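With my numbering, the residue at position 117 of the sequence shown is 320, and numbering never jumps.
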Amino acid sequence: MVDLKKANDRLEELLDCVDHPRKVREGQRLYCGLDLGTAFIVLVVMDEDGNPVDCKYQFASVVKDGMVVDYVGACDIARRLKEQIEGELGVELEECAVAIPPETEALDGGVVKNVAESTGLECTAVFDEPTAANLLIGTTDGAVVDIGGGTTGISVFKDGKVVECIDESTGGTHFSLVLAGAKGMTFDDAEVYKRNPEHHREVLPIVSPTIDKVTTIIERACRDYEVPEVILVGGTAELTGIEDRVQKRLGIEVHKPSHPMFVTPMGIALGCVQKARERDDA
């Protein structure tokens, strides 16, 4: 079983950087991870050793079901985040990686890369989201499940290698639709309501049928493999108790790190560092 303590410690370091960016040396090499999510766009910056340096994020509605639907809006937000970080650090950011839902590279991989490069960053790698997340999590045998706003992406690992990678269009948006119907509120109000941890105890049973649908997707992805554990990441995994519901239905151990929303963006940045090391060693 993967030990999440190291990942949790690194996530705490990352979140501390949001308000307290690290000092950087003149000429120091920095690497970015840009995550275009359904609900948030996140930009993470790391140094050459993979240590968090800065992180900024903004609510956005530029992605739907894993696809960019507002290209100009996505570019504007990504550029603002980059400029904000550059202003804090006093340096120009140059390199980044991005990630997309599994099985969507032909449809959207180029668009996400173009969003990154519209800011002046050079995009050096495109990962699938759950595989990027595992660069932080580090499981060698298990399934990493990225429950985002519009889709659920799953990478199954065996002996450290990806043996299955799928994506289906069920995620936090569907949770909000169910909640809005049950509570008689607008979709936007439901989005805000479900994010408040004080409401999670109430929200969980309302959205349980949708959680069960996500669990069915996980079951299908894992059915041909012996999967000893599942790790939940992504913004929707922030819902308190979701891991217990999934575990009860799956019958195998289910865990989630602290701050699951930031696992994939941090993993993307780690991937950017990794690609740079590979180039240096070539």
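Glycine included, every Cβ here is placed at the ideal spot set by N, Cα and C.
None of these values were measured; they are calculated from a predicted model.
Distance, residue j Cα to residue i Cα
i, j, result
"Gln477", "Ile350", "24 Å"
"Gly293", "Cys220", "15 Å"
"Gly236", "Glu298", "9 Å"
"Val359", "Ile455", "14 Å"
"Val366", "Glu332", "15 Å"
"Asp238", "Leu217", "15 Å"
"His223", "Pro255", "11 Å"
"Glu306", "Ile369", "6 Å"
"Val430", "Arg228", "44 Å"
"His403", "Arg482", "45 Å"
"Thr443", "Pro400", "7 Å"
"His289", "Cys258", "Reading off the sequence, residue 289 comes out as Glu, not His. Answer to the nearest angstrom: the Cα atoms are 11 Å apart."
"Tyr234", "Met270", "24 Å"
"Glu295", "Glu286", "9 Å"
"Glu291", "Gly363", "37 Å"
"Arg232", "Thr241", "30 Å"
"Ile445", "Ala210", "19 Å"
"Thr343", "Ile434", "12 Å"
"Ala424", "Gln450", "15 Å"
"Cys278", "Thr322", "7 Å"
"Leu324", "Ile357", "28 Å"
"Lys316", "Val348", "23 Å"
"Asp206", "Thr419", "25 Å"
"Arg398", "Ala319", "27 Å"
"Arg426", "Ser461", "27 Å"
"Ala479", "Ala302", "16 Å"
"Ala393", "Phe243", "16 Å"
N-terminal and C-terminal residue of the beta strand (DSSP E) that residue i is part of
i, result
"Glu298", "298-303"
"Gly236", "233-239"
"Gly356", "355-361"
"Gly470", "Gly470 -> not in any beta strand (DSSP E); alpha helix (DSSP H) instead, spanning 466-484."
"Ile455", "Unbroken run through Ile455: none, as it is neither H nor E."
"Ala346", "345-350"
Residue environment, residue i, which counts as buried when at least 16 other CB atoms sit within 10 Å
i, result
"Phe390", "exposed"
"Gly375", "buried"
"Thr373", "buried"
"Pro463", "buried"
"Val275", "exposed"
"Thr439", "buried"
"Thr334", "buried"
"Arg213", "buried"
"Pro408", "exposed"
"Ala485", "exposed"
"Gly437", "buried"
"Lys226", "exposed"
"Lys208", "exposed"
Start and end residues, alpha helix (DSSP H) containing residue i
i, result
"Pro333", "332-340"
"Ser169", "It is not possible to answer for residue 169, since the shown part of the chain is limited to 204 through 485."
C-beta neighbour in chain D for residue i, strict 8 Å
i, result
"Cys235", "Of the protein chains in the structure, only one exists, and it is not chain D."
Touch test, the segment 242-251 against the segment 466-474, Cβ-Cβ under 8 Å, three pairs minimum: yes
When the Cβ atoms of the segment 398-413 are set against those of the segment 369-382, are three or more pairs found closer than 8 Å? yes
Jot down the residue ranges of each uninterrupted alpha helix (DSSP H) in the segment 364-435, minimum 4 residues, whole runs only, in chain order. 375-386, 390-398, 403-425
Where in the segment 207-291 do unbroken runs of the alpha helix (DSSP H), each at least 4 residues long, occur, reported from the N-terminal end onward? 208-222
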